[in-house]
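Notes follow the structure.
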Amino acid sequence: MLKDRRSYSVIPYEIHSYSTYASVYVPNNIKKNDPMDPNSRWSTSTNDHLQYIILKVPPSLVVTITFGKYNKMHVSNVKKMRISVSEDGAVYKEVLCGGLKNDSEMETFNLLVKDEAYHIAQYVKIEPLAAWGVNFSYSLWFVELRGVMDVEKFIRYNEMIMFGKSMRSCLRFLRDSGFRDVYEILEKRSSDKIEDEVVKHIRKLLEDHRYEGVEEVLDRLDPCVFQGFIDSSPYTLVWTEIPRAETWPCERGGHQMIEMDGCLYVYGGWNGVEELEDFWRYKDGVWNEIKVDGRTPGKRSCHRMVSSGSKLYLMGKYIPLSSRKVFSGKSDIWAFDGEWKVINMNDEGGPGNVYDHQMAAAGDKLYVFGGRSTEKEDTYSGLYMFSLDEASPCYEEDSLKDYRKANEVGGAAIGIDGRHETYSRSIREKDQSLRAISSGELSFGTRSLYESIMDESNSRYEVSTSSSSLGASRWTMIRSDMVQPPYTPSLKSRLGHSMVFIPPDYIEGSIYNNSLVIIGGQRNKNPIREILFYSLDTDTVFQSEPFPINGDGKIIQRGILYQSEIVVLFCYGKEREGKFENIDVYTYSLIRRRWSKVVAKARAEAGVEIGPLPRSAHQFVEMNGWFYLFGGNVSERTDRRVNDMWVFKLEKKTNKEIRHLSKLLVRKHKYLHLLGIDEETAVDYLRTSILSMVVDEDTREIFEDLCREVYRRKTFADPVEDICRLLTSAKEY
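Take the sequence shown: its position 680, counting from 1, is numbered 680 in full-length UniProt numbering, and each next residue is one higher.
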């Protein structure tokens with residue numbers, strides 16, 4: 001229900017209280033949406049951080065909040081705000097921290113509805129924190145709340161959660177305070193346990209200082225009891241560069257690399273001077289160039305390529321501004337299964353030719369989102385679906401003959417391979433100098449807009465799609481970039497983003513099933529620093545999460561669905577106009593719904609740390625549990641691209657390693673106990689029984705801390721908590 005915008009109802013509200021208002025701009029004005037009236041707003045009389053307005057609502061689960069605006073930009077529009085909800089009007093929970101764009105479009109935001117319990121609201125507090133105009137007061141023009149007003153089942157759920165938490169807190173207090181008899185009676189009558197029989201047994205052994213007995217218990221435990229701790233711990237990685245061989249793809253950016261049937265495939269890109277049309281396969285550690293007879297997609301960059309059913313699908317390309325007048329603007333989709341074929345001859349209802357878009361395969365469908373149209377430079381593409389139904393025609397040589405005949409004039413003017421050298425060189429020199437000054441676009445998975453001049457079509461054969469006789473269109477527009485459904489967060493198109501498809505039934509009972517995940521990007525030179533979840537079932541943007549990256553600098557991201565997590569490679573800088581300084585990997589857990597940073601273990605040779613440079617225009621792909629990074633642009637001051645290839649594997653400790661760690665922790669607490677009795681015996685135990693357990697960096701760190709303990713005596717940790725936190729069955733201690 002909470003991912004379906006159509007199930008939300010308008011929640012009525014009254015103005016409960018407010019900080020200040022100015023002149024005729026009374027708080028009640030926000031209940032009316034009148035964008036033509038400059039007085040139809042609530043405006044504060046000052047611009048400090050103490051301003052607020054509180055809305056009183058019936059008990060509700062507030063899912064979205066919509067803000068209307070004046071019909072043009074306004075200096076008092078709220079640039080930053082905080083929204084909180086409360087059930088009693090005393091304790092508030094923050095459910096949104098964000099801001100409005102300074103334009104005339106209505107904006108809808110999803111609110112946080114659940115942490116451990118659902119956030120039932122009777123009061124909604126809006127706190128403006130900054131206006132778009134410096135030193136101007138804050139204005140809200142219209143506010144609408146939507147959500148679920150039938151909250152009985154959510155209240156019952158919350159009561160169950162709170163009862164369980166209260167019972168466990170009570171049991172823990174009784175146990176730790178020595179009221180063992182009362183604790184045991186209450187535990188028998190309660191279904192809530194704070195520890196199972198294994199933990200009770202370990203606790204008893206530790207209280208009696210029978211440490212060898214604890215090790216025996218740990219040795220007998222089923223390895224699966226450690227799995228919960230392993231799942232909740234962060235991944236680690238080690239970057240390794242794959243040595244270049246004699247046969248190796250040249251430097252490039254804006255290329256595509258995808259995995260299919262245990263191989264990596266690379267097509268095209270931009271090498272800093274010209275576009276490429278070479279096609280490569282990486283298998284068993286060896287690169288081989290694929291030579292294909294007949295037609296091919298030709299030279300291109302900023303295209304997209306996906307795999308589905310042992311076929312590759314390729315779509316889109318960048319066309320320079322100077323060549324778009326003679327370009328048809330039609331899209332082409334190519335399929336490869338040993339040879340290249342064009343599969344769309346009618347792009348009616350489709351996005352046309354786009355670049356810097358994203359494409360995802362979902363069974364017999366392709367989803368295409370975002371990117372820019374080459375028909376009109378300031379036009380972004382929306383969300384489209386293309387059918388891969390095998391019954392649809394695949395167009396062969398006969399259909400292409402008519403196209404080639406119709407385009408002989410264009411071919412003669414530009415050249416058989418789509419390039420006229422003299423024309424291309426002169427245009428490139430002129431346009432590159434102009435666009436280097438005027439363009440502020442980032443180079444994403446892409447070449448920048450100023451990076452290349454080429455002809456209107458560099459496909460070996462371009463497909464005409466103007467004739468309706470070539471077959472019915474297989475395109476369906478799901479969302480237009482210009483027209484968004486009302487009262488739901490917009491799915492605004494962008495470029496430089498990543499997109500991941502989560503299949504139906506991917507995670508049992510998960511809200512994320514059958515969804516598209518849109519990661520970051522840029523729109524109108526404004527970076528988008530969040531991850532969006534869009535339901536294909538309900539046409540709803542039902543969740544957004546801010547990036548875990550701080551700072552105002554440039555940011556490039558690549559995302560991959562891996563098991564129950566979204567793995568995102570970030571290349572970013574701290575300063576708005578600074579260069580890329582960092583390359584980090586984060587995971588977003590679809591189970592725990594939070595970000596975790598992957599710990600990169602440092603490797604160095606001759607004192608130099610080994611790892612890839614931050615970059616743009618690169619490709620990041622997973623194959624058989626290994627993550628590959630290839631190519632891109634490592635410098636914004638040169639046209640040179642790179643062709644280095646790096647790989648890592650996401651790793652966590654094994655059950656065997658966690659069992660070993662748990663036994664080391666037992667010996668740690670025996671050592672701490674001995675220190676208080678006989679220091680010489682303790683040090684001897686440290687040299688023998690603990691040193692022998694040191695096998696990696698983590699265990700060595702524990703050993704070194706214990707060595708220092710001889711002099712400082714500062715370490716204190718509850719032995720039961722320290723050891724049993726590693727056990728899935730331990731619950732709470």
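A virtual CB, placed ideally from N, CA and C, is assigned to each residue, including glycine.
{"Item": "Determine which residues share a DSSP beta bridge with Y384 and list them.", "Value": "V368 and M477"}
{"Item": "Under a three-way DSSP split, which group does M36 fall into?", "Value": "coil"}
{"Item": "Using a threshold of 8 Å, is the CB atom of E184 nearer than that to any non-hydrogen atom of the ligand NAD?", "Value": "Within the structure as shown, the ligand NAD is missing, as the structure has no ligands at all."}
{"Item": "Give the secondary structure of T699 by DSSP, where H, G and I count as helix, E and B as strand, and everything else as coil.", "Value": "helix"}
{"Item": "Pull up the CB-CB distance for L665 and I723, whole angstroms please, since I reckon it's below 8 Å.", "Value": "5 Å"}
{"Item": "Please classify C571: is it buried, with 16 or more other beta-carbons within 10 angstroms of its beta-carbon, or exposed?", "Value": "buried"}
{"Item": "At the level of alpha carbons, what is the spacing between I518 and E241?", "Value": "29 Å"}
{"Item": "Please report the distance separating the alpha-carbon of G496 from that of M73.", "Value": "27 Å"}
{"Item": "State yes or no: is the C-beta of W141 within less than 9 Å of the C-beta of G68?", "Value": "yes"}
{"Item": "Identify the continuous alpha helix (DSSP H) that holds M162 and give its terminal residues.", "Value": "E152 to D176"}
{"Item": "Please tell me whether I11 and L145 are closer than 9 Å, where the distance is taken between their beta carbons.", "Value": "yes"}
{"Item": "Return the CA-CA distance between E87 and K165, expressed in angstroms with no decimal places.", "Value": "19 Å"}
{"Item": "Is it buried or exposed for C302, if we count other Cβ within 10 angstroms and need 16 for buried?", "Value": "buried"}
{"Item": "Tell me whether H119 is buried or exposed, calling it buried when 16 or more other Cβ atoms sit within 10 Å of its Cβ.", "Value": "buried"}
{"Item": "Quick one: give me the first and last residue of the alpha helix (DSSP H) that A682 is part of.", "Value": "E679 to Y685"}
{"Item": "What's the C-alpha gap between R594 and D481?", "Value": "29 Å"}
{"Item": "Under three-state DSSP, which class holds Q227?", "Value": "helix"}
{"Item": "Taking all protein chains shown into account, decide if E697 is buried (16 or more other Cβ within 10 angstroms of its Cβ) or exposed.", "Value": "exposed"}
{"Item": "Output the distance between the C-alpha atoms of T296 and K341, rounded to the nearest integer angstrom.", "Value": "8 Å"}
{"Item": "Can you tell me whether DSSP reads S307 as helix, strand or coil?", "Value": "strand"}
{"Item": "On the three-state DSSP scale, how would you describe V198?", "Value": "helix"}
{"Item": "Inspect the beta-carbon positions of G268 and D278 and report whether they are closer than 9 Å.", "Value": "yes"}
{"Item": "Would you give the residue range spanned by the beta strand (DSSP E) that L532 belongs to?", "Value": "E530 to S535"}
{"Item": "With DSSP as the reference, label I658 as helix, strand or coil.", "Value": "helix"}
{"Item": "How would you label S43, buried or exposed, when you count the other beta carbons within 10 angstroms and need 16 or more for buried?", "Value": "buried"}
{"Item": "Is the number of C-beta pairs between the segment 603-621 and the segment 208-226 that are closer than 8 Å three or more?", "Value": "no"}
{"Item": "In terms of residues, what are the limits of the alpha helix (DSSP H) holding L218?", "Value": "Y211 to R220"}
{"Item": "How far does the beta strand (DSSP E) with I583 in it reach, from first residue to last?", "Value": "N582 to S589"}
{"Item": "So if DSSP puts F547 in a beta bridge, which residue, or which two residues, is it bridged to?", "Value": "Partner(s): none; F547 has no beta bridge."}
{"Item": "Grouping DSSP H, G and I as helix and E and B as strand, with all else coil, what is D192?", "Value": "coil"}
{"Item": "For residue 754, report the span of its beta strand (DSSP E) as first-last.", "Value": "In the structure displayed, the chain extends from 1 to 733; residue 754 sits before or after that span and is not available."}
{"Item": "Three or more C-beta pairs under 8 Å: does that hold for the segment 146-166 against the segment 15-34?", "Value": "no"}
{"Item": "Compare the Cα-Cα distances from K653 to each of A606, G553 and L726 and report the closest residue.", "Value": "L726"}
{"Item": "Give the secondary structure of E241 by DSSP, where H, G and I count as helix, E and B as strand, and everything else as coil.", "Value": "strand"}
{"Item": "From R189, R175, L50 and D219, pick the residue whose C-alpha is nearest to that of E657; which is it?", "Value": "D219"}
{"Item": "Am I right that A245 and S307 are in contact with their C-beta atoms under 8 Å? What's the rounded C-beta distance?", "Value": "Not confirmed; about 24 Å, so no contact."}
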